[in-house]
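2 protein chains.
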Amino acid sequence: MSESVSVVDVAAHAGVSLGTVSNVLNRPDRVAPATRDKVMRAIRELGFVRNEAARQLRAGRSRTIGLVVLDVGNPFFTDLAKGVETTAGKSGLSVILCNSNEDNDREQHYLSLLQEQRAFGILITPVGKVTPTMDAIRRGGTPVVLVDRGSTRRQCSVSVNDRVGGELAVAHLIGQGHKRIGFVGGPMSINQVSERRAGARAAVHAAGLPDTALTVIETPRLDVASGRDVGDRLAALPVRQRPTAVFCANDLLALGLLQDTTRRQLSVPGDLAIVGYDDIEFAAAAAVPLTSVRQPRAQLGQAAMELLLEEATDPRAHQHRQIVFEPELIVRESTAR
Amino acid sequence: MSESVSVVDVAAHAGVSLGTVSNVLNRPDRVAPATRDKVMRAIRELGFVRNEAARQLRAGRSRTIGLVVLDVGNPFFTDLAKGVETTAGKSGLSVILCNSNEDNDREQHYLSLLQEQRAFGILITPVGKVTPTMDAIRRGGTPVVLVDRGSTRRQCSVSVNDRVGGELAVAHLIGQGHKRIGFVGGPMSINQVSERRAGARAAVHAAGLPDTALTVIETPRLDVASGRDVGDRLAALPVRQRPTAVFCANDLLALGLLQDTTRRQLSVPGDLAIVGYDDIEFAAAAAVPLTSVRQPRAQLGQAAMELLLEEATDPRAHQHRQIVFEPELIVRESTAR
DNA sequence: GGATTTCAGTGAAACCTTTCACTTCTGTTG
DNA sequence: CAACAGAAGTGAAAGGTTTCACTGAAATCC
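Going down the list, the protein sequences come from chains A and B.
First residue of the first sequence? That's 409 in the working numbering, and the numbers climb one at a time after it.
First residue of the second sequence? That's 409 in the working numbering, and the numbers climb one at a time after it.
See the structure below:
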């Protein structure tokens with residue numbers, strides 16, 4: 409049971425004032441060693457545990473930062489989270505990982521929650537547009553950094569150039585001789601998806617191919633199951649229009665599609681070349697090792713966390729910054745000639 | 409800026425007492441509709457956001473439950489987390505996902521953190537033994553449920569029968585004619601790993617094979633990189649002793665090993681048959697689709713959460729329970745004849 | 001040796017919510 | 001019509017921490 413022990417109890421037990429106990433906890437150097445030991449012993453003997461809620465109440469903000477991602481099931485985001493967490497830990501902050509699941513309502517729900525908790529700051533990959541809630545939170549003095557998503561001057565963001573990523577992927581496919589290319593991804597309301605598509609378009613144009621060379625296949629989500637379903641839709645196309653290569657907006661889709669393609673006894677890359685995006689660890693271990701656009705996941709998380717700290721530490725002097733990393737194409741068998 | 413608005417401000421603005429504002433927030437039916445609207449309007453106009461810290465301080469415990477897992481990068485745990493989160497959400501609880509990273513110190517760190525936060529409850533897959541801290545937390549009145557790990561009568565747990573899982577896997581390999589089998593996994597201090605190995609041993613004995621038929625290869629971690637390193641160690645064994653099949657303690661190891669095996673131009677299952685564990689989504693999409701022992705991940709999370717709620721709701725009447733699920737072998741090409 | 005600084009420690013106030021015993025008022029009952 | 005019940009609303013107290021202006025005592029300075 410140990411009916412919650414407070415600093416007052418510790419103070420009484422150690423024969424000092426409660427202010428001294430607080431000093432032992434927060435500025436041990438301001439307390440004489442003998443007293444410090446006495447207090448420490450009392451803490452141990454009573455099994456005192458600091459009450460974070462009371463602490464927060466006093467401080468006005470918590471020591472927790474919220475990381476809102478589109479899908480915890482996607483290794484891209486867990487790797488990102490690791491980067492964030494490591495950096496946050498160094499400053500004594502903890503991270504609460506929130507899974508919006510590509511759903512606006514859930515995103516909103518988590519934002520409210522974080523607001524009520526007086527989060528130290530928020531890192532978010534928004535499902536759609538930057539919402540009024542996010543603006544309200546920032547106006548309330550809580551730093552909000554956009555992750556994996558560029559932004560305008562008015563807020564901090566860390567992203568990878570998705571347009572370039574799309575271009576790299578599709579230019580590579582065109583270089584391999586493909587003339588009919590599919591773009592697989594969705595929903596288009598997710599910024600990264602539409603940017604990657606824009607990059608794909610740009611590559612098609614740059615190569616002098618007609619608009620029709622790019623077939624867009626929109627998926628409901630960015631997961632393996634959606635990727636699997638794409639097989640049917642490709643098969644339904646008349647052979648003359650059917651892409652000979654596809655660029656998937658992430659590796660999960662690519663792996664799903666690859667699975668379905670294999671099930672249909674089609675060869676990759678012979679019958680269909682596939683490029684993914686993110687270069688998650690499983691991409692290299694796939695049935696056919698996947699060509700993929702690599703993003704510096706952990707650095708992305710680290711950079712975002714650093715921007716957040718910067719803004720939190722000195723909000724007055726802070727200048728919003730936009731950090732953009734460059735993606736890199738990793739070529740593997742799924743697009744070999 | 410909006411210098412934090414409190415219930416007092418709302419009350420003043422709406423021309424009611426602060427008690428009424430609290431009633432509007434917590435028991436709207438006790439307040440006359442007209443008053444309710446007045447208060448709601450004030451809340452909106454002032455942009456009032458409940459301070460969760462103050463709320464918690466009053467309530468004595470938070471509305472957050474801690475889920476401590478071995479590796480967020482392992483899809484097994486993110487699927488588990490989804491199950492936990494869905495169930496928690498229905499009761500208005502949120503989940504904070506903590507990654508112990510198979511490290512005792514980090515585990516301890518997160519437990520202290522959760523203790524300071526007066527977590528509503530804790531779900532944990534312990535790195536090693538059940539520690540004094542966990543016992544202390546439970547004695548302090550916070551429910552602790554062991555996940556993916558059996559236990560004695562003295563605490564709640566939800567697990568999958570790892571011994572049976574190990575038996576299934578190895579019995580299957582023996583059934584395919586293999587006489588020299590490897591067990592890959594570690595560290596052995598992780599309970600699931602040693603249980604799976606025990607199951608493997610049992611299967612070897614049951615088949616009347618000698619102890620030496622099972623070669624144990626201990627890995628430092630349960631991740632893809634460790635799996636990749638196993639290839640070297642296998643290759644280093646004299647051919648007569650080298651296993652013709654291995655059972656990996658999880659799919660990450662299996663995928664890593666598969667990757668390395670492919671790199672060495674060895675065929676799976678021809679030169680080496682591989683069985684994994686967990687049946688994560690990527691197992692089916694692997695270079696050679698992986699035979700794996702499936703665990704009911706989401707149900708595991710759900711059941712754990714339900715036990716936790718049960719214990720939290722009525723600690724007096726609560727009887728600790730141990731729920732054990734049965735694993736299932738999913739056979740794919742990596743062990744085909 | 002008196003004035004000043006430093007050190008160690010004190011305790012009240014503030015942070016914001018929820019609860020609960022209490023007051024007022026209106027409408028009902030015998 | 002007196003007595004009562006129920007509904008609506010009130011406001012002080014409690015919950016645990018940190019901060020900060022403050023006191024006493026010891027050490028330092030000229």
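Beta carbons: idealized from backbone N, C-alpha and C, even for Gly.
Val555/A has its alpha-carbon roughly 24 angstroms from the corresponding atom of Ser634/A. At a Cβ-Cβ threshold of 9 angstroms, Ile731/B and Ala711/B count as neighbours. Inter-segment contact for the stretch 473–483 of chain B and the stretch 487–501 of chain A is present: three or more beta-carbon pairs are separated by less than 8 angstroms. Residue burial is scored here from C-beta neighbours: Glu689/B has at least 16 other C-beta atoms within 10 angstroms and is therefore classed as buried. Counted as a single uninterrupted DSSP element, the alpha helix (DSSP H) harbouring Gln523/A occupies residues Asn512 to Glu524. Any Cβ of chain A closer than 9 angstroms to the Cβ of Pro540/B would place that residue at the interface, and such an atom is absent.
About 10 angstroms separates the beta carbons of Leu622/A and Ile582/A, which is beyond the 8 angstroms limit, so they are not a contact pair.
Cys656/B sits close to Gly684/B, with the two beta carbons spaced by under 9 angstroms.
Between the C-alpha atoms of Gln649/B and Gly497/B there is a straight-line separation of about 52 angstroms. Taking 8 angstroms as the upper bound for CB-CB distance, Arg546/B and Gly468/B are not in contact here, some 17 angstroms apart. Within its own chain, no residue has a Cβ closer than 6 angstroms to the Cβ of Asp722/A once the five positions on either side in sequence are excluded. Boundaries of the beta strand (DSSP E) around Leu622/A: Leu622 to Glu626. When rounded, the separation of the alpha-carbon atoms in Val535/A and Gln516/A is 10 angstroms. Identification of chain A residues near Glu719/B by a Cβ-Cβ cut-off of 9 angstroms yields none; the smallest Cβ-Cβ distance measures about 15 angstroms.
When the five nearest sequence neighbours on each side are left out, the beta carbons in the same chain lying within less than 6 angstroms of the beta carbon of Leu715/B are those of Val553 and Cys564, in order along the chain.
Under the three-state reduction of DSSP, Thr560/B is assigned to coil, being neither helix nor strand.
Selection Thr550/A, Arg729/A, Thr541/A and Tyr518/A evaluated against Phe528/A yields Thr550/A as nearest (Cα-Cα).
A residue is called buried when at least 16 other Cβ atoms come within 10 angstroms of its Cβ; Val416/A does not meet this threshold and is exposed. Burial of Pro735/A is indicated by the presence of at least 16 other C-beta atoms within 10 angstroms of its C-beta. When the five nearest sequence neighbours on each side are left out, the beta carbons in the same chain lying within less than 6 angstroms of the beta carbon of Ala662/B are those of Cys656, Ile682, Gly684 and Leu698, in order along the chain.
Between Pro651/B and Asp487/A, the alpha-carbon positions lie close to 34 angstroms from each other. Among the residues of chain B, none has a CB under 9 angstroms from the CB of Asp679/A; the nearest is roughly 17 angstroms distant. Three or more beta-carbon pairs drawn from the stretch 591–611 of chain B and the stretch 562–578 of chain B are found closer than 8 angstroms, and the two stretches are therefore classed as touching.
Within 10 angstroms of the beta-carbon of Gln703/A lie 16 or more other beta-carbons, which makes it buried. With contacts defined by Cβ atoms closer than 9 angstroms, Leu521/A and Ser470/B do not form a contacting pair. Contact between Val638/A and Leu665/A holds: CB atoms are separated by about 5 angstroms, below the 8 angstroms threshold.
In the structure shown, Ala489/A falls within a helical segment according to DSSP collapsed to helix, strand and coil. Of the other Cβ atoms in all chains shown, fewer than 16 fall within 10 Å of the Cβ of Val624/B; this residue is therefore exposed.
When the five nearest sequence neighbours on each side are left out, the beta carbons in the same chain lying within less than 6 angstroms of the beta carbon of Glu626/B are those of Gly594, in order along the chain. From the beta-carbon of Ser470/A, the residues of chain B found nearer than 8 angstroms are Ala461. Chain A places no beta carbon closer than 9 angstroms to that of Ile738/B, leaving this residue out of the contacts. Ala615/B places its beta carbon less than 9 angstroms from that of Ala579/B.
Residues His728 of the same chain have their beta carbon placed closer than 7 angstroms to that of Arg561/A, with the five preceding and five following residues left out of the count.
Using a Cβ-Cβ cut-off of 9 angstroms, Pro628/A is close to nothing in chain B; its nearest Cβ partner there is about 17 angstroms away. Checking the DSSP bridge columns, you'll see Gln730/B partnered with Ser565/B.
With respect to chain B, the C-beta atom of Gly593/A has no partner C-beta closer than 9 angstroms.
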